[in-house]
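What follows is a set of notes on a single structure, which appears directly below.
In our numbering, the protein residues as written are 36 to 171.
This is how it looks when you write it as structure tokens:
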């Protein structure tokens, strides 16, 4: 869906540290994640698609990487802290949903767009956080 494409920069979040604890991110990696992925990090997503084929270009102060996927097809990938997982992306109405399944966690991340704001609600092992991004 066209509203997701573009470049999005982190603006603010609530409950991110609690969410990371719930999905098993170790203490030392959570501290690093807050610096590279937190509200003041200037982390960006560059989202593009060609039909059902999508690319998320993630850029942080620690580097960048592309996540490529086809809607409805499970992929093998890793968390940003390097843990292996399977991810499945689907479009449901105005929601772009990502289901992540790792060795010790499951997370459902739902992205929605309203104007120049993308909201991502991440729910892992029963704990949710909300992250908001501004289109740049």
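Heads up, the beta-carbon is just placed ideally off N, CA and C, and yes, glycines get one too.
{"query": "For residue 53, which of helix, strand or coil comes out of DSSP?", "result": "helix"}
{"query": "Taking 8 Å as the threshold (C-beta atoms), are residue 170 and residue 151 in contact?", "result": "yes"}
{"query": "Look at the alpha carbon of residue 104 and the alpha carbon of residue 81, and state the distance between them as a whole number of angstroms.", "result": "14 Å"}
{"query": "Under 7 Å Cβ to Cβ from residue 133, same chain only, skipping five residues before and after it: list those, please.", "result": "122, 124 and 144"}
{"query": "Does residue 142 pass the burial test, meaning 16 or more other C-beta atoms within 10 Å, or should it be called exposed?", "result": "buried"}
{"query": "Going by C-alpha distance, which of 157, 147 and 160 is nearest residue 38?", "result": "147"}
{"query": "Only counting the same chain, and skipping five residues up and downstream in sequence, which positions put a Cβ closer than 8 Å to that of residue 63?", "result": "none"}
{"query": "Quick one: what's residue 120 bridged to in DSSP?", "result": "112"}
{"query": "I need the straight-line Cα distance from residue 138 to residue 71, nearest angstrom please.", "result": "24 Å"}
{"query": "Sort out for me which residues DSSP pairs residue 92 with in a bridge.", "result": "81 and 101"}
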